[in-house]
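As structure tokens, the structure follows; a few thoughts come after it.
In this note's numbering, the protein residues as written are 1474 to 1666.
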């Protein structure tokens, strides 16, 4: 998978809405809408709220959406726990992500390209499948369940998520035959064999 539709973490909501309405979305516009939908936010409503003088309700809505998405992720990502925080100031929308090893929330755009891809893909996959593929290999792989890897390869994958290197996972099919998934460093292709 290439960079198409990766959400890097921040956006001007009014500009996203305008591009969507004109049927000229940029890469990532589709994904931010899915992420907002997963969190219980509506793009048009948030654009309207961004122009409102009273900001308290919007702040509460952002906190609620952050908790909603954090809970949804906790149900799917079993290897590490993540906390999501949305902040909005006017039309500026920013997503922060904190994993269990971090001391502070970090803007998604400051996370590695690999993590941005991982986060965006998981949000799109879960929204587009309505969560129906709970035990599929691709779901296991993108949520950090690397299957039958030794500790060294698991640690390599953790480094790869931070630094954008290749990812590896190993599973067995129903007949017990082991196979691997290798996602190249540039995320442009994956190999299963």
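All C-beta atoms in this analysis are idealised placements derived from N, C-alpha and C, irrespective of residue type, glycine included.
Give every residue of the same chain whose Cβ lies closer than 8 angstroms to the Cβ of residue 1515, excluding the five residues on either side of it in the sequence, and list them in chain order. Position 42 of the chain shown, counting from 1, holds the residue named residue 1515. The residues are 1509.
Give the straight-line distance between the Cα atoms of residue 1504 and residue 1480, rounded to the nearest whole angstrom. What you label residue 1504 is simply residue 31 of the chain shown in a count that begins at 1. What you label residue 1480 is simply residue 7 of the chain shown in a count that begins at 1. Each residue's alpha carbon lies about 6 angstroms from the other.
Residue burial classification, residue 1499 (beta-carbon count within 10 angstroms, cutoff 16): One-based indexing of the chain shown puts residue 1499 at position 26. Residue 1499 is classed as exposed because its beta carbon has fewer than 16 other beta carbons within 10 Å across all chains shown.
Report the option in 1483, 1592, 1632 whose CA atom is closest to the CA atom of residue 1542. Counted from its first residue, the chain shown places residue 1542 at position 69. Put simply, of 1483, 1592, 1632 the residue whose alpha carbon is nearest the alpha carbon of residue 1542 is 1592.
Among 1526, 1520, 1616, 1544, whose alpha-carbon lies nearest the alpha-carbon of residue 1511? Numbered from its first residue, the chain shown carries residue 1511 at position 38. A check of alpha carbon separations from residue 1511 across 1526, 1520, 1616, 1544 identifies 1544 as the nearest.
Could you check the C-alpha separation between residue 1536 and residue 1568 for me, to the nearest Å? On the chain shown, position 63 is the one that residue 1536 refers to. On the chain shown, position 95 is the one that residue 1568 refers to. Taking the straight line joining both Cα atoms gives about 12 angstroms.
What residues in its chain sit with their C-beta under 6 angstroms from that of residue 1601, if we drop five residues either side in the sequence? The residue given as residue 1601 occupies position 128 in the chain shown. Contacts found: none.
Count the other C-beta atoms from every protein chain shown that fall within 10 angstroms of the C-beta of residue 1519, then say buried if there are 16 or more, exposed otherwise. As a position in the chain shown, residue 1519 is number 46, starting the count at 1. Flag for residue 1519 reads buried.
Can residue 1595 and residue 1616 be called in contact, C-beta distance under 8 angstroms? Translated into the one-based positions of the chain shown, residue 1595 becomes position 122. Translated into the one-based positions of the chain shown, residue 1616 becomes position 143. When the beta-carbon positions are compared, residue 1595 and residue 1616 come within less than 8 angstroms of each other.
Just to confirm my understanding: we take residue 1476, look at its own chain, exclude 5 residues before and 5 after, and list those with CB closer than 7 angstroms. What are they? If you number the chain shown from 1, residue 1476 lands on position 3. Low confidence applies to residue 1476: its pLDDT is 49, below 50, so where it sits in the model is not reliable, and the reading given next is rough at best. The answer, listed in chain order, is 1500.
Could you give the DSSP three-state label for residue 1522: helix, strand or coil? Here residue 1522 refers to the residue found at position 49 when the chain shown is read from its first residue. Note: residue 1522 maps to helix in three-state DSSP.
Leaving out five residues before and five after residue 1614 in sequence, what residues of the same chain have Cβ atoms less than 7 angstroms from its Cβ? Taking the chain shown and counting its residues from 1, one reaches residue 1614 at position 141. Correct list, in chain order: 1642, 1654.
Spatial distance of residue 1534 from residue 1659 (CA atoms): Position 61 of the chain shown, counting from 1, holds the residue named residue 1534. Position 186 of the chain shown, counting from 1, holds the residue named residue 1659. The alpha-carbon atoms of residue 1534 and residue 1659 are separated by roughly 36 angstroms.
Around the Cβ of residue 1657, are there at least 16 other Cβ atoms within 10 angstroms (buried) or fewer (exposed)? Here residue 1657 is taken as the residue at index 184 of the chain shown, counted from 1. Counting Cβ neighbours within 10 Å, residue 1657 comes out exposed, since fewer than 16 surround it.
Measure the alpha-carbon distance for residue 1483 versus residue 1546 and round it to whole angstroms. Counted from its first residue, the chain shown places residue 1483 at position 10. Counted from its first residue, the chain shown places residue 1546 at position 73. Distance between the alpha carbons of residue 1483 and residue 1546: 19 angstroms.
Residue 1447 vs residue 1577 beta-carbon contact at 8 angstroms: With the chain covering only 1474 through 1666, there is no way to say anything about residue 1447.
List the DSSP bridge partners of residue 1598. Within the chain shown, the letter at position 125 stands for residue 1598. The beta-bridge partner set that DSSP reports for residue 1598 is empty.
What three-state label does DSSP hand residue 1622 in the structure shown? Counting from 1 along the chain shown, the entry for residue 1622 is found at position 149. Residue 1622 falls in the coil class under three-state DSSP.
Hey, how far is the Cα of residue 1579 from the Cα of residue 1565? As a first step, residue 1579 is located in the chain shown; it is residue number 106 there, counting from the start. As a first step, residue 1565 is located in the chain shown; it is residue number 92 there, counting from the start. Rounded to the nearest angstrom, the two C-alpha atoms are 16 angstroms apart.
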